[in-house]
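This report refers to the structure that appears directly beneath it.
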Amino acid sequence: RADRPVLVQVPRRGHLPALACGGCRVGARCPRCAGPLAVPTPGAGPACRWCGELATDWRCAACGHSRLRAVVVGAERTADELGRAFPGVPVRVVTGSAAARGETVRDPRRTVPSRPTLVVATPGAEPLADGGYGAGVLLDGWVTLARPSLRAAEEAVRRWLAAAALVRPDGTVLLVADGALPPVQAVVRWAPEWFARRELDERTRLLLPPASVFAEVCGPTDALRAFVDVWQLPAEVELFGPVDVGGDGGDAGAPPGEAMTQTQRLLLRAPRKDAAELADSLATAYRILSARKLASGLRLRIDPIDGL
19 RADRPVLVQV PRRGHLPALA CGGCRVGARC PRCAGPLAVP TPGAGPACRW
69 CGELATDWRC AACGHSRLRA VVVGAERTAD ELGRAFPGVP VRVVTGSAAA
119 RGETVRDPRR TVPSRPTLVV ATPGAEPLAD GGYGAGVLLD GWVTLARPSL
169 RAAEEAVRRW LAAAALVRPD GTVLLVADGA LPPVQAVVRW APEWFARREL
219 DERTRLLLPP ASVFAEVCGP TDALRAFVDV WQLPAEVELF GPVDVGGDGG
269 DAGAPPGEAM TQTQRLLLRA PRKDAAELAD SLATAYRILS ARKLASGLRL
319 RIDPIDGL
């Protein structure tokens with residue numbers, strides 16, 4: 019129906035939040051601090067997300083190319099393109115920092131009236147529509163699924179189903195993603211329980227949470243080595259690493275100071291029955307190092323799902 023609002027879900031805020039070399043497709047980095055480049059607003063030039071430096075004379079360090087291309091299109095850029103494609107139709111952009119963290123934030127006072135409107139929103143920030151949306155378009159499914167997290171697939175299903183639920187029963191939902199992928203099938207079939215059972219079976223087979231418990235220890239190399247020297251671990255604990263997590267191995271959106279303080283990461287895996295014993299062992303080792311003033315920069319997490 020042409021007389022109802024349409025919801026367009028976009029996984030990222032901003033204009034062009036990620037850029038790459040137009041020649042070799044390598045991620046574009048700041049020549050000053052090696053931070054990721056982005057175009058924050060329409061008409062702005064590429065700038066570093068870490069230090070804010072404008073990359074006016076940027077050249078790719080890998081191939082020397084000077085042209086940039088968009089890797090991901092943000093909500094503002096999507097709204098601009100839709101406004102040009104559908105002149106005369108109001109376009110509304112709704113984003114939020116809380117929604118970007120995976121929280122659902124909907125203000126009941128910001129409902130969309132039942133008239134032709136294009137609503138571009140990030141996951142969790144989608145406003146309600148009077149009587150429901152006539153259609154929903156879920157863009158760039160590959161971006162949501164490509165997140166480096168164990169929970170990327172389940173988070174994608176949650177976001178997509180939440181947006182699709184805002185569409186009227188007689189409306190249409192278009193999900194732009196590979197239809198053969200299990201998360202996409204869960205939405206097409208409207209079968210989250212099927213997906214949850216499948217995901218749990220796969221994680222159990224691979225000894226991933228919640229079938230097992232993981233612990234993450236991050237910190238400078240010397241502090242990490244001292245930590246290993248004093249801990250007393252349960253017998254069935256497996257160790258993975260340590261590996262470097264700074265520089266290219268770290269979070270592309272993190273500031274440089276954070277990337278440098280967590281220079282290495284060590285992962286531990288234990289049966290779920292040993293979770294309490296593992297946590298107690300790590301806490302005891304941390305207290306010992308703290309008393310010796312050797313724990314500076316160390317960070318411990320149990321089941322760091324977003325880091326797996």
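Just so we're aligned: the sequence shown equals residues 19 to 326 in our numbering. Each residue gets a CB set at the ideal place from its N, CA and C atoms; glycine is no exception.
{"Asked": "V111, enclosing beta strand (DSSP E) - first and last residue", "Found": "109-112"}
{"Asked": "Buried versus exposed, by CB contacts within 10 Å (16 or more), F245", "Found": "buried"}
{"Asked": "DSSP-derived helix/strand/coil call for P200", "Found": "helix"}
{"Asked": "Bridge partners - F232, DSSP secondary structure assignment", "Found": "R287"}
{"Asked": "CB of P58 within 8 Å of CB of G32, strictly", "Found": "yes"}
{"Asked": "Three-way DSSP call (helix, strand, coil) for T302 in this model", "Found": "helix"}
{"Asked": "Sub-8 Å separation of L34 and A56 beta-carbons", "Found": "yes"}
{"Asked": "DSSP state of G150 mapped onto helix, strand, coil", "Found": "coil"}
{"Asked": "For R317 and D240, the rounded distance between their alpha carbons", "Found": "13 Å"}
{"Asked": "Local conformation of R133 per DSSP, three classes", "Found": "coil"}
{"Asked": "Cβ-Cβ distance between G150 and A181 below 8 Å", "Found": "no"}
{"Asked": "The region 171-185 touching the region 98-113, judged by at least three CB pairs closer than 8 Å", "Found": "no"}
{"Asked": "Where R87 falls: helix, strand or coil (DSSP)", "Found": "strand"}
{"Asked": "Helix, strand or coil at L72 [DSSP, three-state]", "Found": "strand"}
{"Asked": "Extent of the continuous alpha helix (DSSP H) run through R317", "Found": "Where R317 is concerned, there is no enclosing alpha helix (DSSP H), although the beta strand (DSSP E) it sits in stretches over 317-320."}
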